[in-house]
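Residue numbers (UniProt numbering): 1 to 795.
Given below as structure tokens:
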């Protein structure tokens, strides 16, 4: 039988013990277990049966070779079942794993278990789970001694690891082995093929750690195939961490390494090593440094991750046990990290960091982020304010695919905000149900919570089935996040250039005026550049080569499927004739004959066509759309940046031309352009534009002060800072009011200190510095008086 006669054995034992045979047991085993190729017998599947029935079921496993695992968790079993479990252990030669967790075992069970194991020399059990049972020390000691007698000494394992081997996966977590003493053996025998190494929950021999550091470093510099290293949950000496990074930085063979050093008590000493050496390690793609007590030291650690070419996944949770201004600065550094154009991060985890309302700064920045695909913000007590910021971010973000949000004290109102945002988001695909927050919210507002969760799940299901991110939505996002700021700068520069063109209109038509008119024309045309490029890409893709190729390919695939099906059916008929020739000959006389089956079966053409043009075409179109939008954005940004630079240069040229003409015919001084080295606001705007960064949504005024009402405001910039840092950017100017009450500084009501120095005249050196190159001598000799008045106004 397919399950090695389990049903027959069970029926015989039922008859022998005088109890009724349960057909449902036979049906479940023969149908469900067999169809799933399941070799783990779970007593929970039959928890509704009596203890005697369960005892017979377990006894049937003693003589069955199909099942290799027996599982029972959180279900109390009677003495009859326990006796049959021990009988099965003493007889079975195929049982490999036994789990009796929280099964109500008596205190003497370990001693009986040791006896049963000793009676079975053919036992192959390698996994035994007796957790959450009340066991006495004597029985546990007997079982432990027996198990130790079966194991090879640790020294033998060291000898095996030290010899050249093909070991790929090594997991020694929680085995109380000395980690640093193990690397000598790993260096000699496991450098070639070992890819997975888990040594978590062990310890270092602190007395000999310095002696083993060279071996530790040499192993990580010599390993060829490492992809996953887990050294978490043990105290990690700073020198060992330094040796680890130095070894990895000098290893040219490995890449995309997952390094887990969470819970290693790194603190300030480890933070210094991270800050110094991590930028040199180019092979790490996933770094887990959560729960290391870094806290305020993150101020220096986070910049070490900046522009790291290979770091894609970063886990920083449980490292924010700080408050006030330091926490704000750390969060601002995180925002800057994920907003950098060269940032390679794809996922960021800040789980269980308890950031509270200050964490909304980071949530707020997710809207304009273009690199992160996965974010874990659970366990931060962000409340409904954080959920609202998340909803605003989801409405404009097109890269996030996975957001984990739980244990944030979110109510039904917060879930409703997220649900409304997901109705307009077509890229988010996975958001685990926040069980903790949902449980609390359901108690106070069950209907609203259920409605919000239904909308969230419906939106996620829609996004996993089809991608309907439209070009119009992409255009609106581009205009809102990128274009609006550049248009403001361009509008100001166009007005300036147009004014200078009007001033010089009566003069001789020169190359400067022609170039200015051409630049103004291109500036006007650039407003239609992005939508025109999007429309062009859409028109050319409606019936493009991809669609045509898929259409023709559907016909070719249909013919290939028919041919393959014909070969298979003919082979089946031939096998039938070979195994049952007489019956096959009789079947040939039927109508239709057996040999004509291959002619009467085929795959429907519509099925293949829909599979290609609906499912495959959607995936291909989605990939093409992403590439096309990135190309359109790149072309638009490049041309707009160049136009802004040309406008600024043209305006400066026209001003100098006007200055020269004015000084020739009149004594009036025109508007003096900005001196070299003193950038104006539009120069700064152009420099910022060249970075092609998207605008970050301003932080809500309600949340900007954080959760500490007594926290002091950030320090004002010093008066001797560089001119560039004091000049307003185009982003700040875009939010200023254009009408209403005049702007006043918050300190305008303070009394002014008495003036101790008399107002002096501007030195002549300042005049020469403020004037354009070559004009200071003419000004000082011809129109000296008028120059002083004008320059004092400008100063």
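All C-beta atoms, glycine included, are put in the ideal place defined by N, C-alpha and C.
### Message
So, for residue 736: in the same chain, excluding its five sequence neighbours on each side, which residues have a beta-carbon less than 6 Å away from its beta-carbon?
### Response
Confidence at residue 736 is low in this model, with a pLDDT of 44, below 50, so its placement is unreliable and the value that follows should be read with caution. There are no such residues.
### Query
Using the C-alpha atoms, what's the distance from residue 230 back to residue 173?
9 Å
### Task
Find the nearest neighbour of residue 653 within the set 318, 326, 501 and 609, judged by alpha-carbon distance.
501
#### Entry: Under the three-state DSSP convention, the category residue 258 falls into
strand
### Message
Please report the distance separating the alpha-carbon of residue 732 from that of residue 657.
### Response
For residue 732, the pLDDT reaches just 40, beneath the cut-off of 50, and the residue's location in the model is therefore unreliable, although a value from the coordinates is still provided. Computed Cα separation, rounded: 32 Å.
### Query
Which residues bound the beta strand (DSSP E) around residue 286?
Taken as a continuous stretch (DSSP letters only), the beta strand (DSSP E) holding residue 286 covers 284-288.
### Message
Taking 8 Å as the cut-off, does the stretch 390-401 touch the stretch 442-455 (at least 3 CB pairs, one atom from each stretch)?
### Response
no
### Message
Any beta carbon from chain B within less than 8 Å of residue 561's own beta carbon?
### Response
The structure shown contains no chain B; it holds only a single protein chain.
### Coarse secondary structure for residue 652, derived from DSSP in three states
helix
#### Entry: Extent of the continuous beta strand (DSSP E) to which residue 41 belongs
40-42
### Query
Quick one, which of 561, 588 and 546 has its alpha-carbon nearest residue 625's?
546
### Query
Does DSSP put residue 8 in a helix, in a strand, or in coil?
Residue 8 carries a helical assignment under DSSP once its states are collapsed to helix, strand and coil.
### Task
Determine contact between the stretch 525-539 and the stretch 549-560, defined as no fewer than three beta-carbon pairs at a distance below 8 Å.
no
#### Entry: Inter-residue CB distance, residue 348 and residue 314 (contact presumed, cutoff 8 Å)
Between residue 348 and residue 314 a beta carbon distance of about 5 Å is seen, short of the 8 Å cut, so the two are scored as contacting.
### Message
Within the continuous beta strand (DSSP E) that includes residue 801, where are the two ends?
### Response
The first residue shown for the chain is 1 and the last is 795, placing residue 801 beyond what the model contains.
#### Entry: residue 199 versus residue 222 - alpha carbon distance
18 Å
### Message
Can you list, in chain order, the residues of its chain with a C-beta nearer than 6 Å to that of residue 416? Leave out the 5 residues immediately preceding and following it.
### Response
452
### Query
Can you list, in chain order, the residues of its chain whose CB lies under 7 Å from that of residue 608, leaving out five sequence neighbours each side?
554, 557, 558 and 561
#### Entry: Buried/exposed call for residue 72, threshold 16 Cβ in 10 Å
buried
#### Entry: Host beta strand (DSSP E) of residue 349 (start-end)
347-349
### Query
Quick one: is residue 671 buried, meaning 16 or more other Cβ sit within 10 Å of its Cβ, or exposed?
With a pLDDT of only 45 at residue 671, under the threshold of 50, the placement of this residue in the model should not be trusted; the figure read from the coordinates follows. Exposed is the call here.
#### Entry: C-alpha distance - residue 549 paired with residue 543, whole-angstrom precision
10 Å
#### Entry: C-beta atoms of residue 285 and residue 253 nearer than 8 Å
Result no, Cβ atoms of residue 285 and residue 253 do not sit closer than 8 Å.
#### Entry: For residue 376, three-class secondary structure by DSSP
strand
### Query
Which residue's Cα is closest to the Cα of residue 659: 396, 539 and 507?
When 396, 539 and 507 are compared, the shortest CA-CA separation from residue 659 is found for 507.
#### Entry: Residue range of the unbroken alpha helix (DSSP H) whose run includes residue 89
79-91
### Task
Out of 192, 566, 434 and 307, state which residue places its alpha-carbon closest to the alpha-carbon of residue 225.
192
### Query
From this set, 10, 396, 80 and 582, which residue's C-alpha is nearest residue 50's C-alpha?
80
### Message
Does residue 14 come out as helix, strand or coil in the three-state DSSP assignment?
### Response
helix
### Query
residue 127 bridges to which residues according to DSSP?
97
### Message
Quick check on DSSP: helix, strand or coil for residue 22?
### Response
In the structure shown, residue 22 sits in coil (DSSP, three-state: anything other than H, G, I, E or B).
### Query
Hey, out of 211, 269, 632 and 102, whose CA is closest to residue 236's CA?
269
### Query
In whole angstroms, what is the alpha-carbon distance linking residue 82 and residue 166?
41 Å
### residue 54 vs residue 41 beta-carbon contact at 8 Å
no
### Task
Could you please give the first and the last residue of the uninterrupted alpha helix (DSSP H) stretch that includes residue 404?
No alpha helix (DSSP H) holds residue 404; the beta strand (DSSP E) holding it covers 402-404.
### Query
Residues in its own chain within less than 8 Å of residue 802 by CB, not counting five upstream and five downstream?
There is simply no residue 802 to check, as the chain begins at 1 and stops at 795 in what is shown.
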